[in-house]
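Engineer:
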Amino acid sequence: MKLAVLILNWNGLADTRECLLSLLPAPEWATVYVIDNGSSDDSVRVLSKEFQDRIRLIETGENLLFAGGNNVGIRTALSEGCDAVLLLNNDTQVEPGTLAALADAAERHPATLLCPKILYSASREVLWYAGGIWSGGRVAHRGIREQDRGQFDREESTAWGTGCALWIPRDVIETIGVLDRDFRLYSEDVEYCLRARKAGVTTVYVPAARVWHKVSAALGGHGTWKKQKRKLASLRLLLRKLDADLPLRLAAYAHFFVGDPVRALLQKLR
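The sequence shown begins at 93 in our numbering and counts up one residue at a time.
1. The alpha helix (DSSP H) with Asp-196 in it runs from where to where?
2. For Asn-182, name the three-state secondary structure that DSSP assigns.
3. What did DSSP end up calling Val-126 once you bin it into helix, strand or coil?
4. At the level of alpha carbons, what is the spacing between Pro-202 and Asn-162?
5. Mind the definition here: the stretch 251-269 touches the stretch 210-227 only if three or more C-beta pairs lie below 8 Å; say whether that holds.
6. Kindly list the residues whose CB is nearer than 6 Å to the CB of His-233, restricted to its own chain and excluding five residues on each side of it in sequence; keep chain order.
7. Are the CB atoms of Thr-168 and Cys-111 nearer to each other than 7 Å?
8. Around the Cβ of Leu-179, are there at least 16 other Cβ atoms within 10 angstroms (buried) or fewer (exposed)?
9. Assuming the contact rule is C-beta atoms closer than 8 Å, Leu-357 and Arg-341 should be a hit. Round their C-beta distance to whole Å, please.
10. Shortest alpha-carbon distance to Val-177 belongs to which of Cys-207, Gly-189, Glu-154, Gly-153?
11. Look at Leu-194 and Trp-259 and say whether their C-beta atoms are less than 7 Å apart.
12. Quick one: grab the DSSP three-state call for Leu-98.
13. For Val-220, which residues does DSSP report across the bridge?
14. Just the Cα atoms here: how many angstroms apart are Asn-182 and Thr-316?
15. What does a CB cutoff of less than 6 Å around Asp-245 pick up in its chain, not counting 5 residues either side in sequence?
16. Measure the alpha-carbon distance for Ile-268 versus Phe-275 and round it to whole angstroms.
17. Measuring alpha carbon to alpha carbon, tell me which of Lys-141, Ile-150, Arg-137, Arg-109 ends up nearest Ala-96.
18. What separation, rounded to the nearest whole angstrom, lies between the Cα atoms of Ile-210 and Leu-338?
19. Quick one: which unbroken beta strand (DSSP E) runs of 3-plus residues sit fully inside the stretch 210-271? Chain order, please.
20. By how many angstroms is the C-alpha of Gly-153 removed from the C-alpha of Leu-100?
21. Exposed or buried, what is Val-186 when buried is set at 16 or more other beta-carbons lying within 10 Å of its beta-carbon?
22. Just grab the DSSP bridge partners of Val-307 for me.
23. For the putative contact between Asn-122 and Leu-191, defined by C-beta atoms under 8 Å, what is the C-beta separation to the nearest angstrom?
24. Quick one: is Val-124 buried, meaning 16 or more other Cβ sit within 10 Å of its Cβ, or exposed?
25. On a Cα-Cα basis, can you pick out the residue from Ala-325, Val-354, Arg-302 that is closest to Ser-213?
26. Excluding the 5 residues preceding and the 5 following Asp-281 in the sequence, name in chain order all residues of the same chain whose CB lies nearer than 7 Å to its CB.
27. What residues in its chain sit with their C-beta under 6 Å from that of Asp-263, if we drop five residues either side in the sequence?
28. Mapping the DSSP letters down to three states, classify Leu-357 as helix, strand or coil.
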């Protein structure tokens, strides 16, 4: 097994540094790649000096956004003989043993997408992702904002894995390709997993692997209007890519505008 951990950085020096400190030293079978997406801060100089030969630093020279930047890393990793890549957000921290847990799961589930349990960094026992929901047009994280009591501790197949931390085997990339750059932000991970499923590839949730993500549970999962506009644009593109019929489109918009905000509000009121 030769794994490439791909961390995309864009003016995120402090977060990327914390992420690297949680990962390193990496197992001998894993190489940590930092793809700098045209940062204008001091990221490249500081990271290359502090971590030197412990990371592989790639400079894109411009901001290629999430899909484009990660695709540079994916193609580089495959050209250097890696058997799998792990997309990992730079604003995450990885629990010790997580890479090994994912590698063990990869042996049980070859040619399969894998995603760990992900929790809020500020509320370390509150879930952010415990499986992906794609049902009747609804795109959601299972278990989001729930206290982690072990209710989602079974390894099982799921609809989609989040690009926050997503293990992709070489075989899958060679079969279905890389991330779709038409998505500027959000939903590229959902599209990728659904594209994989169409090709007969399963996504498996691996709770033995744990990652903490720096997002705010206080936002109720909905966030600012600007963020919601971006999510809506990505949802429209996703439905177009899936060639969704009118009933599915209407259901998806109903979940987006009504169902999900109401669920988030009710959860906050509990």
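All C-beta atoms in this analysis are idealised placements derived from N, C-alpha and C, irrespective of residue type, glycine included.
Please read all numbers here as calculations on a predicted model, not as lab measurements.
Structural biologist: By the coordinates alone:
1. For Asp-196, the enclosing alpha helix (DSSP H) starts and ends at 190-200.
2. In the structure shown, Asn-182 sits in coil (DSSP, three-state: anything other than H, G, I, E or B).
3. For Val-126, the secondary structure class from DSSP, reduced to helix, strand or coil, is strand.
4. For Pro-202 and Asn-162, the distance between alpha carbons rounds to 22 Å.
5. Taking 8 Å as the limit for Cβ pairs, the verdict is that the stretch 210-227 does touch the stretch 251-269.
6. Within the same chain, His-233 has close Cβ partners Tyr-221.
7. For the 7 Å CB-CB criterion, Thr-168 and Cys-111 do not form a contact.
8. Under the 10 Å beta carbon count, Leu-179 is surrounded by 16 or more other beta carbons and is classified as buried.
9. Cβ-Cβ separation between Leu-357 and Arg-341: approximately 24 Å, too far for a contact (criterion under 8 Å).
10. The shortest C-alpha separation from Val-177 is found at Cys-207.
11. Judged by beta-carbon spacing, Trp-259 lies within the 7 Å limit of Leu-194, meaning their Cβ atoms are closer than that value.
12. Taken through DSSP and simplified to helix, strand or coil, Leu-98 comes out as strand.
13. The displayed chain sequence assigns Trp, not Val, to residue 220. DSSP lists no partner for Trp-220.
14. Spanning the two alpha carbons is a distance of roughly 21 Å.
15. Excluding sequence neighbours, Asp-245 sits near Pro-299.
16. Computed Cα separation, rounded: 16 Å.
17. Comparing Cα positions, the closest option is Ile-150.
18. Each residue's Cα considered, the two are about 33 Å apart.
19. Entirely contained in the stretch 210-271, the beta strand (DSSP E) runs reaching 3 residues are, in chain order, 219-221, 224-227, 230-233, 248-250, 257-261.
20. Leu-100 and Gly-153 have their C-alpha atoms roughly 13 Å apart.
21. Flag for Val-186 reads buried.
22. Bridge partners of Val-307: none, in fact.
23. It should be noted that the sequence gives Ala, not Asn, for residue 122. Here Ala-122 really is in contact with Leu-191; their C-beta atoms are around 6 Å apart, less than 8 Å.
24. Looking at its Cβ environment, which holds 16 or more other Cβ atoms inside 10 Å, Val-124 is buried.
25. The option with the nearest alpha carbon to Ser-213 is Arg-302.
26. Excluding its 5 nearest sequence neighbours in each direction, Asp-281 has C-beta neighbours in its own chain below 7 Å: Trp-252, Gly-253, Thr-254, Gly-255, Leu-258, listed in chain order.
27. Within its own chain, the residues whose Cβ lies closer than 6 Å to the Cβ of Asp-263, once the five positions on either side in sequence are excluded, are Ala-203, listed in chain order.
28. Helix at Leu-357.
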